[in-house]
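S.K.:
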Amino acid sequence: MRTSTLGVGILGAGPVTQAIHLPTLARIRDAFHVAKIMDVDPDIARSVAGRVGAAWTTSMDDLLADEAVQVVVICSPHQFHAEQVIAACRAGKRAVLCEKPFAMSQAEAEEIAAVSQETGVPIIVGAMHTFDPGWLAAKEHWGDLPRTAHTIRYSIVLPPNPRFEDFATEVITRPARTRQDRHDPEVAAAMVRGGIMGLAIHDLPLVRAFCPDFTDLEVLTCHVPDPSGYLVNLRIGDRNVQVFGISTDSWQPEWTFEAISDTTSLRIDFTPSYVQAGSATATITRGGESAVYGPYSANGYEGEWRYLADLADGKAARLDVTELIHDLTFALDVADKASAAVRATAESQATGESQATAPQKEAIS
Amino acid sequence: MTRQLTVTSSPEADAAGGVAQVVASLPVSLHPFDGGAAAGHDGAATGAAAPDGGAAALVAIAGIAGWPEEALGALAAGARGVVVVSPSATDVTALQERAKALGVPVVLDTEWAPNPAVAAAAPHFAAHDDEESLVEARVDAPVGSDLDQVLLAQLALVRAAVGPVVSLSPARWNNHGYDVLAQLASGARASLGAILTDAAPPQATVRIIKPHTAVALVLPGAGTAAPGKVTVSGPDGATLLPTQWETAHRALWRRLHALVEAGQSCEDLLDFAADASLLPALS
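For the protein sequence lines, the chains are A and B, in the order given. Just so you know, our numbering puts 264 at position 259 of the first sequence, and the rest follows in order with no gaps. Just so you know, our numbering puts 304 at position 176 of the second sequence, and the rest follows in order with no gaps.
Have a look at this one:
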């Protein structure tokens, strides 16, 4: 039985901190308390810290030097992640949770891995669906599907984030949303890259679990739907993979992951981000008979924090940092190739040429 | 008053199109043809209509190799309507011209398009079909299915639900399925996919998601009366349209019966020829 709780320090106090981590930490007060919150905006830092009775600061160094902080959570903009993860490790903290992506290049990821190894500080990435009890139940029951699946489909129909943030908390600051011209090649390329690294990245580790040859990756087509998103057809090894995301004001959210073989299909329906709405539901179908796992009461956010507590206490095995690097490099590969493909397609359409060459029919054996 | 029409079908058409079950479920409109032996069925006593004495009014044939010739034979024998079950890609010019000259409807019983939910969804899709739209269509079909056939049925579905496809470009095509990019006559883009698996029964979906609204259609296989589902959604919520518990096969035969009664022909063969003409772009 724990006699005292771990002090959490949070770098970045935007919507993710406000709507995800603070409500989640409120559910597991037996393990954690929020010790200090840092944001470059002092008003936001003060306000958000005030909600949970924590200290606040505008300085990362100040937060990392605070002995009341044992666990560091990084919720800052993507470009700061690598630097802050490394600084937290060097500060000798008990564990680090970094929101995805934990780096923006393979070089950064490898540097993080080296520092984690050197300092002994465990790192986890906030890929909440990999901690979702629905996903974990699927892993337990899917048998040989990762070896036999030939098709992977991953689809997100995403209503505006504020709809769900507002159910999770009362957010005091949000980044502005602007509508952009998706027909502009550079805008399209940026939309796809941002969409892959900001949204699709959530479940790319799940996709990778079904793609043993994940480095043999070819983007077959890429398209930006109206008003924004991505539709990417990929060949990953011998797998047929489609990754789709679209933002819409329409009411029905959808977040699904499917892996399909000749004889078995797995479908996972995830709950929307932000809300504490329980776990995903996993359905495994074989020969017309379905087994359903979940929904369970806790979601992946709670799962990752529970794991972090065990990790900090030395009760859980560390994640293999190599796997985290593979997840990141896989996501970067998808993002880079998809954005290049959509740029080429948009440029050829802008000049009135036919679409980028697509592969022809393969011989059907 | 509904006029009863006699029906005959080849064993292959019966097996693939569930003809006997359809006829049994429309006992006032349809009756099995007994070869003219029982005049009471085809004659004045019941009002059942056979064409020239010894032939059935309606003929069902399987869409296997040579089906246009078989259909021409049925027309020559005096058929007043023809159903082709799961037609394979082939030249239908001669059949189309002959059927048009005779004014006889030749209807195509493809896997998805005749489902009554498709017609229910069509006006909602039409309201979402413009050059900014992305139509997503997917079919889950049994392992070993002929992909040309799967795509033809999917093209018929997209045509009936949203609008005709005018061009195709393959993203992938292999023994596990396909993903094909398409453009509709409206200028809308489409992503057409097929996945071959025996894990679950066949199913087809079509959806358009717009910045503020969406329409989604989910269809079961043609042999089940489980309803197709049409969901229309916007910022204020989603509406499931009334469900119609009728197989696609039965809905198609009702349509044929209505065409014959009204003395009308149809455009199924022309549409089929247009869809089939797109397939060579994939090879």
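From the three backbone atoms N, C-alpha and C, an ideal C-beta is built for every residue, glycine too.
1. Would you identify the three-state DSSP class for A:Cys80, choosing helix, strand or coil?
2. Kindly list the residues whose CB is nearer than 8 Å to the CB of A:Ala118, restricted to its own chain and excluding five residues on each side of it in sequence; keep chain order.
3. Check whether the region 258 to 274 of chain A touches the region 372 to 383 of chain B, counting contact only when three or more Cβ pairs, one atom from each stretch, lie closer than 8 Å.
4. Rounded to the nearest angstrom, what separates A:Ala346 and B:Ala281 at their Cα positions?
5. To the nearest angstrom, how far is the alpha carbon of B:Val334 from that of B:Ala344?
6. What's the call for B:Ala172, buried or exposed, on a 16-neighbour Cβ count within 10 Å?
7. In the DSSP assignment, what residue or residues form a beta bridge with A:Glu223?
8. To the nearest whole angstrom, what separates the beta carbons of B:Tyr306 and B:Gly291, a pair I think is in contact under 8 Å?
9. Hey, is A:Gly148's beta-carbon within less than 8 Å of any beta-carbon in chain B?
10. Which residue or residues does DSSP assign as beta-bridge partners of A:Ala287?
11. Note down the Cα distance separating B:Pro244 from A:Gly14, rounded to an integer number of angstroms.
12. List, in order along the chain, the chain B residues whose C-beta lies closer than 8 Å to that of A:Val197?
13. Listed from N- to C-terminal order along the chain, which residues in the region 251 to 263 of chain A have their beta-carbon within a distance smaller than 7 Å of any beta-carbon of chain B?
14. Secondary structure at B:Ile192, three-state DSSP: helix, strand or coil?
15. Measuring straight from C-alpha to C-alpha, what distance separates A:Leu68 and B:Pro329?
16. On a CA-only basis, which of A:Gln75, A:Arg272, A:Ile42 is nearest A:Ala59? Give me that one, please.
17. Residue range of the beta strand (DSSP E) that A:Phe37 falls in?
18. Measuring CA to CA, which of B:Thr218, B:Val210, B:Arg131, B:Ile189 is closest to B:Pro408?
19. Who does B:Pro215 pair with in a DSSP beta bridge?
20. As a quick exercise: from A:Gly319, A:Arg158, A:His86, A:Gly293, pick the residue whose alpha carbon is nearest that of A:Gly17.
21. Please report how far the alpha carbon of B:Ala269 lies from the alpha carbon of A:Ala214, in whole angstroms.
22. Please decide whether A:Arg152 counts as near chain B, where near means a Cβ-Cβ distance under 8 Å.
23. Distance, Cα to Cα, B:Asp403 vs A:Gln84?
24. Keeping to the same chain, check which residues put their C-beta closer than 6 Å to that of A:His228; ignore five residues upstream and five downstream.
25. Which residue or residues does DSSP assign as beta-bridge partners of B:Leu309?
26. Roughly how many whole angstroms lie between the Cα atoms of A:Val77 and A:Arg51?
27. Going by CA-CA distance only, name the one from B:His385, B:Arg266, B:Val278 that's closest to A:Arg158.
28. Give a yes or no on whether the C-beta atoms belonging to A:Glu79 and A:Cys94 are separated by under 8 Å.
29. Assign B:Asp396 to buried or exposed, taking buried as 16 or more other Cβ atoms, counted over all protein chains shown, within 10 Å of its Cβ.
30. Quick check on A:Thr166 - is its C-beta less than 8 Å from some C-beta in chain B?
31. Interface residues of chain A around B:Ser361 at Cβ under 8 Å?
32. Return the residue from the list A:Gly305, A:Gly283, A:Asp189, A:Arg152 that minimises the CA-CA distance to A:Asp218.
33. Out of B:Phe253, B:Ile192, B:Pro160, which one is the CA nearest neighbour of B:Val360?
34. I'd like to know if B:Asp399 contacts chain A, where contact means its C-beta is closer than 8 Å to some C-beta of that chain.
35. Between the beta-carbon of B:Gly351 and the beta-carbon of B:Asp237, is there less than 8 Å?
36. My output table needs one value for B:Pro155: the three-state DSSP class, helix, strand or coil.
M.R.: If we stick to the structure as given:
1. Reading the first sequence from its first residue, position 75 is the one you call residue 80 of chain A. Coil at A:Cys80, not helix or strand.
2. For this step, residue 118 of chain A is matched to residue 113 along the first sequence. Result list for A:Ala118: Val326, Thr327, Leu329, Ile330, in chain order.
3. no
4. Locating residue 346 of chain A in the first sequence gives position 341, where the first residue counts as 1. Locating residue 281 of chain B in the second sequence gives position 153, where the first residue counts as 1. Taking the straight line from one Cα to the other gives about 30 Å.
5. Position 206 of the second sequence, counting from 1, holds the residue named residue 334 of chain B. Position 216 of the second sequence, counting from 1, holds the residue named residue 344 of chain B. Rounded to whole angstroms, B:Val334 to B:Ala344 spans 6 Å at the Cα level.
6. Numbered from 1 along the second sequence, position 44 holds the residue referred to as residue 172 of chain B. Bear in mind that the predicted position of B:Ala172 carries a pLDDT of just 36, short of 50, making it unreliable; the figure below should be weighed with that in mind. When all chains shown are included, B:Ala172 counts as exposed.
7. Position 218 of the first sequence, counted from the start, is the residue given in the question as residue 223 of chain A. According to DSSP, which records beta bridges pairwise, A:Glu223 is partnered with A:Arg240.
8. Position 178 of the second sequence, counted from the start, is the residue given in the question as residue 306 of chain B. Position 163 of the second sequence, counted from the start, is the residue given in the question as residue 291 of chain B. Not quite, the Cβ-Cβ distance comes to about 21 Å (not below 8 Å), so this is no contact.
9. As a working note, residue 148 of chain A is residue 143 in the first sequence. So no, A:Gly148 is outside the interface.
10. To locate residue 287 of chain A, count along the first sequence from 1; it is residue 282. Answer by DSSP bridge pairing, in chain order: A:Ile273, A:Tyr298.
11. Locating residue 244 of chain B in the second sequence gives position 116, where the first residue counts as 1. Locating residue 14 of chain A in the first sequence gives position 9, where the first residue counts as 1. Going by the C-alpha atoms only, they are around 58 Å apart.
12. Within the first sequence, numbered from 1, the residue matching residue 197 of chain A stands at position 192. Correct list: empty, because the minimum Cβ distance to chain B is about 14 Å.
13. Ile251, Thr253, Asp254, Ser255, Trp256, Gln257
14. Start at 1 with the first residue of the second sequence, and residue 192 of chain B comes out as number 64. Three-state DSSP puts B:Ile192 in coil, outside helix and strand.
15. As a first step, residue 68 of chain A must be located in the first sequence, where it is residue number 63. As a first step, residue 329 of chain B must be located in the second sequence, where it is residue number 201. Answer to the nearest angstrom: the Cα atoms are 56 Å apart.
16. Start at 1 with the first residue of the first sequence, and residue 59 of chain A comes out as number 54. Residue A:Ile42 is the option with its Cα nearest to A:Ala59.
17. In the first sequence, the residue the question calls residue 37 of chain A occupies position 32. Where A:Phe37 is concerned, the enclosing beta strand (DSSP E) stretches over 37 to 43.
18. Mapped onto the second sequence, residue 408 of chain B falls at position 280. Residue B:Thr218 is the option with its Cα nearest to B:Pro408.
19. Stepping through the second sequence from its first residue, residue 215 of chain B is reached at position 87. DSSP, once it has assigned bridges, lists no residue as partnering B:Pro215.
20. Here residue 17 of chain A refers to the residue found at position 12 when the first sequence is read from its first residue. It is A:His86.
21. For the purposes of this step, residue 269 of chain B is taken as the residue at position 141 of the second sequence. For the purposes of this step, residue 214 of chain A is taken as the residue at position 209 of the first sequence. One C-alpha to the other measures close to 25 Å.
22. For this step, residue 152 of chain A is matched to residue 147 along the first sequence. Not closer than 8 Å to any Cβ of chain B, the Cβ of A:Arg152 fails to qualify, so no.
23. The residue labelled residue 403 of chain B in the question sits at position 275 within the second sequence. The residue labelled residue 84 of chain A in the question sits at position 79 within the first sequence. Their backbone Cα atoms lie some 49 Å apart in a straight line.
24. Locating residue 228 of chain A in the first sequence gives position 223, where the first residue counts as 1. Answer for A:His228: Leu236, listed in chain order.
25. As a working mapping, residue 309 of chain B is identified with position 181 in the second sequence. DSSP lists B:Ser297, B:Ser319 as partners of B:Leu309.
26. The sequence position of residue 77 of chain A within the first sequence is 72, counting from 1. The sequence position of residue 51 of chain A within the first sequence is 46, counting from 1. Distance between the alpha carbons of A:Val77 and A:Arg51 is about 18 Å.
27. On the first sequence, residue 158 of chain A is found 153 positions in, with the first residue counted as 1. Ranking B:His385, B:Arg266, B:Val278 by Cα distance to A:Arg158 puts B:Arg266 first.
28. Looking up residue 79 of chain A in the first sequence gives position 74. Looking up residue 94 of chain A in the first sequence gives position 89. Position check: residue 79 of chain A holds Ile in this sequence, whereas Glu was assumed. Taking 8 Å as the Cβ cut-off, A:Ile79 and A:Cys94 do not qualify as a contacting pair.
29. Position 268 of the second sequence, counted from the first residue, corresponds to residue 396 of chain B. Buried.
30. In the first sequence, the residue the question calls residue 166 of chain A occupies position 161. It is Asn, not Thr, that sits at residue 166 of chain A in the sequence shown. Output row for A:Asn166: interface = no.
31. Within the second sequence, numbered from 1, the residue matching residue 361 of chain B stands at position 233. Ordered by position in chain A, the residues that pass the 8 Å Cβ test against B:Ser361 are Ser255, Trp256, Gln257.
32. On the first sequence, residue 218 of chain A is found 213 positions in, with the first residue counted as 1. Ranking A:Gly305, A:Gly283, A:Asp189, A:Arg152 by Cα distance to A:Asp218 puts A:Arg152 first.
33. The count along the second sequence starts at 1 and reaches residue 360 of chain B at position 232. Comparing Cα-Cα distances from B:Val360 to each of B:Phe253, B:Ile192, B:Pro160, the minimum goes to B:Phe253.
34. Residue mapping note: residue 399 of chain B aligns to position 271 of the second sequence, counting from 1. Cβ-Cβ to chain A under 8 Å: no for B:Asp399.
35. The residue labelled residue 351 of chain B in the question sits at position 223 within the second sequence. The residue labelled residue 237 of chain B in the question sits at position 109 within the second sequence. No, they are not a contact pair.
36. Locating residue 155 of chain B in the second sequence gives position 27, where the first residue counts as 1. Coil, per DSSP.
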